[in-house]
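Protein chains in written order, with the working numbering: chain A, 1 to 326; chain B, 327 to 652.
There are 2 protein chains.
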Amino acid sequence: MKIAIYGYGNLGRGVEAAVRQNPDTELFGVFTRRSPETVHPVFPETRVFPADDAAKYRDDVDVMIICGGSATDLPKMTPSLASDFNVIDSFDTHADIPRHFAAVDDAATRGGKVAIISVGWDPGMFSLNRLYANAILPEGKDYTFWGKGVSQGHSDAIRRIEGVLDARQYTIPVQSALDSVRAGDNPELTTREKHTRLCYVVAGEGADRARIEKEIVTMPKYFSDYDTTVHFISQEELDRDHKGIPHGGFVIRTGSTGVDGKNKHVIEYSLKLDSNPEFTASVLIAFARAAYRMSQRGEKGCKTVFDIAPVDLSARTREEVIASML
Amino acid sequence: MKIAIYGYGNLGRGVEAAVRQNPDTELFGVFTRRSPETVHPVFPETRVFPADDAAKYRDDVDVMIICGGSATDLPKMTPSLASDFNVIDSFDTHADIPRHFAAVDDAATRGGKVAIISVGWDPGMFSLNRLYANAILPEGKDYTFWGKGVSQGHSDAIRRIEGVLDARQYTIPVQSALDSVRAGDNPELTTREKHTRLCYVVAGEGADRARIEKEIVTMPKYFSDYDTTVHFISQEELDRDHKGIPHGGFVIRTGSTGVDGKNKHVIEYSLKLDSNPEFTASVLIAFARAAYRMSQRGEKGCKTVFDIAPVDLSARTREEVIASML
Numbered sequence: 001m002k003i004a005i006y007g008y009g010n011l012g013r014g015v016e017a018a019v020r021q022n023p024d025t026e027l028f029g030v031f032t033r034r035s036p037e038t039v040h041p042v043f044p045e046t047r048v049f050p051a052d053d054a055a056k057y058r059d060d061v062d063v064m065i066i067c068g069g070s071a072t073d074l075p076k077m078t079p080s081l082a083s084d085f086n087v088i089d090s091f092d093t094h095a096d097i098p099r100h101f102a103a104v105d106d107a108a109t110r111g112g113k114v115a116i117i118s119v120g121w122d123p124g125m126f127s128l129n130r131l132y133a134n135a136i137l138p139e140g141k142d143y144t145f146w147g148k149g150v151s152q153g154h155s156d157a158i159r160r161i162e163g164v165l166d167a168r169q170y171t172i173p174v175q176s177a178l179d180s181v182r183a184g185d186n187p188e189l190t191t192r193e194k195h196t197r198l199c200y201v202v203a204g205e206g207a208d209r210a211r212i213e214k215e216i217v218t219m220p221k222y223f224s225d226y227d228t229t230v231h232f233i234s235q236e237e238l239d240r241d242h243k244g245i246p247h248g249g250f251v252i253r254t255g256s257t258g259v260d261g262k263n264k265h266v267i268e269y270s271l272k273l274d275s276n277p278e279f280t281a282s283v284l285i286a287f288a289r290a291a292y293r294m295s296q297r298g299e300k301g302c303k304t305v306f307d308i309a310p311v312d313l314s315a316r317t318r319e320e321v322i323a324s325m326l
Numbered sequence: 327m328k329i330a331i332y333g334y335g336n337l338g339r340g341v342e343a344a345v346r347q348n349p350d351t352e353l354f355g356v357f358t359r360r361s362p363e364t365v366h367p368v369f370p371e372t373r374v375f376p377a378d379d380a381a382k383y384r385d386d387v388d389v390m391i392i393c394g395g396s397a398t399d400l401p402k403m404t405p406s407l408a409s410d411f412n413v414i415d416s417f418d419t420h421a422d423i424p425r426h427f428a429a430v431d432d433a434a435t436r437g438g439k440v441a442i443i444s445v446g447w448d449p450g451m452f453s454l455n456r457l458y459a460n461a462i463l464p465e466g467k468d469y470t471f472w473g474k475g476v477s478q479g480h481s482d483a484i485r486r487i488e489g490v491l492d493a494r495q496y497t498i499p500v501q502s503a504l505d506s507v508r509a510g511d512n513p514e515l516t517t518r519e520k521h522t523r524l525c526y527v528v529a530g531e532g533a534d535r536a537r538i539e540k541e542i543v544t545m546p547k548y549f550s551d552y553d554t555t556v557h558f559i560s561q562e563e564l565d566r567d568h569k570g571i572p573h574g575g576f577v578i579r580t581g582s583t584g585v586d587g588k589n590k591h592v593i594e595y596s597l598k599l600d601s602n603p604e605f606t607a608s609v610l611i612a613f614a615r616a617a618y619r620m621s622q623r624g625e626k627g628c629k630t631v632f633d634i635a636p637v638d639l640s641a642r643t644r645e646e647v648i649a650s651m652l
C-alpha cells in the first residue's frame, strides 16, 4: 500500500515515521505547498513533490494522508483531493464536521474513491469509544476529559500577548472530578470543575509580568472559564523542560442496568501519549489501510471511523485476528 | 426489532431487562429447555416457549440471543439455530473459537442468516480494544487484567470440595503490576504476578478447615499458580456481603513511535461492572441490532465483533452519531 503525505508539519513527520512501523505500507513521498528544496524530511530518502503536481500521481498513490490544519487547510484540501485519491484527514472542528462530510462525500463519490474524515484520537478513538459505550449503556452519562497535555491553540494565544516571547500551555483534568465520575456519582460538572490550565511563559526583558498574567487569566473562551496558573520561566527552561507535545485524556460512560437500574457500570477509555502528532499519525495509518481495502472492494464516498469494520484496520488477516485477539 | 432469548439463566434475565432500555427492541419471548410453566421470568408478561418449538417462530423473531454455556450448550445450539434465525452468542472458550466459527458460518450461510459469535466483554469489547490498539501501535505489548470480580467457575470448583457448603471466589489484579504496565515498564509478568485469588468459604459443621484451605490453594490450574487467600465465613455473611456478580478488568497496550521509538504511549480500556451478566446482556443487545441491520442488507454468514461497523450498534441514525459523537 503506497501512502503519500500532503502537508508536512509535525503530523506529516509522524506519518513519515509511522509508515516504517507498518510493513504492509510504503511511503510514496511528501507533497508540500512550500518549495520542495526547502523541505527537509526526517529520512533523507523521502521524496518531496510540489503540492500542485499531486494529481499527476493519482495512479501511483493508494492513499493520500492529508496533514493540514482544520481551520483553513482541510475544508479546501480534502474535497479537492478526494476525487483523485483515497484520502484520510484529521479534521477536528467538531461543529463543522457535517458540512465537511458533505463536501468530501460529494467529491469522493464523483471520483469513485474512499475518504475517511476526522481520524485521530479526538475526533477518532474517543468518538468510537463514545459510540460503543452509548450503544451498550443507553441509560447513562458521558464524560470526556483531556490532558495532561499541551494545547497548541492556547499556547499560541499566549504568544500573541504583548511582551511574551514564548509559551507552553498544559490542559490538566481535575483529579477530584475524575474520581467522582469513576465512582458513579454522575456529577454535573462546569468547565471550571473539569480542567485546569497551567501556563509556562517566557516574558521579554522588562515586560510587565502582572499585566501579562492578568491578560492570560481573563482571556475570554481560552482561559476566563478556567482556574489558570501562570509561571514565568526562562527560554532555556522552556526549551529544556517543555519541548515535548504530550497529550491524552479519558472517555468515561457510567450507566445502569437491571430491573430497577440498581447495577452501575463504568466504561473508561484513556490515552497517555508522549507525542500527540505521532500517535495521531499512527491512527491515520491504520485507517488508511481500511480506506485502501474498502476502495479495492469497490466502495466509495465519505466515511467516518464509525463506518469502518475494525478488522479492516489490522495488518493481519481476519483468520489471524479471530484466532489471536478474540 | 423482535428479540428472543434462548436459554434462561442470569444472562437471559439480563437480556430480558436490557430490552426495556432499548426503545427500538421488543421481546418476543423466552425459549427454555425446562418445562415452560416452571420458568418464572423477571416480568410476568414475558412469554415462555419450549425450546423444541423455536423453529415454528422463525418468521416472528428478528434476532435470537442464545444464552447458553460455552462448555456444552453453545457448540450445539448456535449452529443448530443459525440456519433459521439471525443469532448472537457469547461463546467464550477462546481456543475453540475458530472451530465454533466454522460450524456457525456453515449453518448461517446455508440459511441466509447473520450470526455474530463471542459477543460480550471478553471476548467482545476487550477483543475490540486489543485489535484497535494493535492496529494503532504495531510496536508494543498487550496486557489484560481481570477483576476485581467473581469467577463462577472457580467458585464452583471450591464448592465441589468435601465439607464446603458454599463459596465465592474473587479474581483481583495485582495493583503493582498494573502500575508497572501503565508506567510503560513493559514488564514480563507471570500468572502469579498478575492476579491474586480471594475465596470466601462456608464450611460445614465440624469440617476440617485446614484441609479445605490446603485443597483450595493447591488445586491445579484453578489456584496453584496464584497467591490465594481463603476466609471462612458464615452462610449469612456470604449471602449478605457476596451475593452480587461484579466483574471487570483492564486491556492495556503500551507502545512506542517516532524515528528512534523514543515516544511512549499507553492505551487503556477498563470496565467496572456491578453485574457481569447484565452488562454482557447489554452488549448482546447492541450487537443484535447490528445483526438485524446486516441481515436486512442481505448479508449472511458468521461474523465476529471485528466485522461490525460501529455505527450499526447504535440506535441512532448515522447522521445523528456523526453530529453528536464524532
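C-beta atoms are modelled at their ideal positions from N, C-alpha and C, and glycine is treated no differently.
From a predicted model like this one, the values you see are computed outputs, not experimental measurements.
Near-chain B residues of the region 253-267 of chain A (beta-carbon distance less than 7 angstroms), N- to C-terminal order: T257, G258, V259, N263, K264, H265, V266 and I267
Show which residues of chain B have a CB atom less than 7 angstroms away from the CB atom of E304 of chain A. The residue you asked about is not Glu; residue 304 of chain A is Thr in the sequence shown. Neighbours of T304 of chain A on chain B, chain order: I648 and L652.
Should A533 of chain B be flagged as near chain A, meaning a C-beta pair shorter than 7 angstroms? no
Would you say the region 80-89 of chain A touches the region 106-123 of chain A, given that touching needs at least three Cβ pairs under 8 angstroms? yes
Please name the residue or residues paired with Q169 of chain A in a DSSP beta bridge. A:C199
Count the other CB atoms within 10 Å of the CB of F369 of chain B; is the residue buried (16 or more) or exposed (fewer)? exposed
Can you pull the chain B residues whose beta carbon is under 8 angstroms from the beta carbon of A115 of chain A, in chain order? Within 8 angstroms Cβ-Cβ: nothing; A115 of chain A doesn't reach chain B, min ~14 angstroms.
Just mark A330 of chain B as buried or exposed, buried being the case when its beta carbon has 16 or more other beta carbons within 10 Å. buried
By the three-class DSSP mapping on this structure, what secondary structure does S560 of chain B have? coil
Chain B within 7 angstroms of V19 of chain A, Cβ atoms only: no
Hey, I212 of chain A and V202 of chain A are a contact pair by Cβ (cut 8 angstroms); roughly how many whole angstroms apart? The pair is not a contact, with the Cβ atoms about 10 angstroms apart (cut-off 8 angstroms).
Would you mind stating whether Y334 of chain B and V356 of chain B have Cβ atoms separated by less than 7 angstroms? yes
For V577 of chain B and Y595 of chain B, I'd like the C-alpha separation in whole angstroms. 5 angstroms
In angstroms, rounded to a whole number, what distance separates the CA positions of N129 of chain A and A533 of chain B? 50 angstroms
Thinking C67 of chain A and G12 of chain A are a contact (beta carbons under 8 angstroms), I'd like their distance in whole angstroms, please. 4 angstroms
Indicate the three-state DSSP secondary structure (helix, strand or coil) for H366 of chain B in the structure shown. coil
For the beta strand (DSSP E) holding D468 of chain B, just list the boundary residues, first then last. G466 to W472
Mapping DSSP to helix, strand and coil, what is E215 of chain A? helix
Residues of chain B with CB under 7 angstroms from D307 of chain A, in chain order? A635 and V637
Under the three-state DSSP convention, the category A95 of chain A falls into: helix
Cα-Cα, which of A:M219, A:E45 and A:K272 is closest to R508 of chain B? A:K272
Can you list, in chain order, the residues of its chain whose CB lies under 8 angstroms from that of S650 of chain B, leaving out five sequence neighbours each side? R642
For chain A, find out if any of its Cβ atoms is closer than 7 angstroms to the Cβ of F471 of chain B; answer yes or no. no
Give the residues from the region 393-427 of chain B that approach chain A closer than 8 angstroms (Cβ to any Cβ), ordered along the chain. H420, I423, P424 and F427
Taking the CB atoms as reference points, tell me whether L313 of chain A and A461 of chain B lie closer together than 7 angstroms. yes
Could you name the residues of chain A that L463 of chain B contacts, counting a contact when the two beta carbons are closer than 9 angstroms? Q21, F279 and S282
Find the nearest neighbour of F605 of chain B within the set B:Y332, B:G340, B:F632 and B:M327, judged by alpha-carbon distance. B:G340
Limits of the beta strand (DSSP E) - the one that Y6 of chain A falls within: K2 to Y6
For S83 of chain A, count neighbouring C-beta atoms within 10 Å of its own C-beta (all shown protein chains included) and say buried if the count is 16 or more, exposed if not. buried
Paired residues, beta bridge with A441 of chain B - DSSP: B:V413 and B:C628
Can you tell me which of A:T72, A:R240, A:Y143 and A:D62 puts its alpha carbon nearest to the alpha carbon of D185 of chain A? A:Y143
Any beta carbon from chain B within less than 7 angstroms of K243 of chain A's own beta carbon? no
Would you say K272 of chain A faces chain B, with C-beta separation under 7 angstroms as the test? yes
Whole-angstrom distance between G584 of chain B and D156 of chain A, CA atom to CA atom: 25 angstroms
Whole angstroms is fine: what's the gap from F558 of chain B's alpha carbon to T497 of chain B's? 17 angstroms
If the cut is a Cβ gap below 7 angstroms, which residues of chain B does A291 of chain A touch? By Cβ distance, chain B contributes nothing, its closest Cβ being about 13 angstroms from A291 of chain A, past 7 angstroms.
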